[in-house]
Structure formats: structure tokens, C-alpha cells
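Undergrad: Residue numbers (this note's numbering): 31 to 97. By construction, the Cβ of each residue, glycine as well, lies at the ideal position given by its N, Cα and C atoms. Provided herewith is a single structure, encoded as C-alpha cells, for subsequent inquiry.
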């Protein structure tokens, strides 16, 4: 997957500390096919409105709904 970053949406501290989540807006510049690597069980595209509530990390959910 290749894309072009168009905007910085936000920088959010991780809820339990230990780092930050940086979120960007981007658009794809090529094929939009994504596949899960060996460290992931699934990979899918979501719109902000259909993003699942039960993600492992809560910061991406919060940031996508704020941006």
C-alpha cells in the first residue's frame, strides 16, 4: 500500500502511558489491497463511522472520531 499524507490529525497520549499515537489523514496513491501480516489475524478498511469499538488500542478509535 502506498499513500500520500495530507494532514496531521492529532497527537494523543496512550491511555496507560508509555507513548503517543500520531494520526494522519492520507489518500492512497496505488492499489488499496491490504493483507494481514504474520503478526495480525485480520486487516480491513473502515470509515470513521463504522470503526469497531472493540479494537485492541483505544487511542485510534478516539482520534478517528475526533478528526
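#1: Taking contact to mean at least 3 C-beta pairs separated by less than 8 angstroms, is the stretch 46-54 in contact with the stretch 62-73?
#2: Per DSSP, residue 57 forms a beta bridge with which residues?
#3: Give the DSSP-derived three-state secondary structure of residue 43 in the structure shown.
#4: For residue 38 and residue 55, what's the separation of their Cα atoms in angstroms?
TA: Judging by the given coordinates:
#1: no
#2: 34
#3: strand
#4: 6 angstroms
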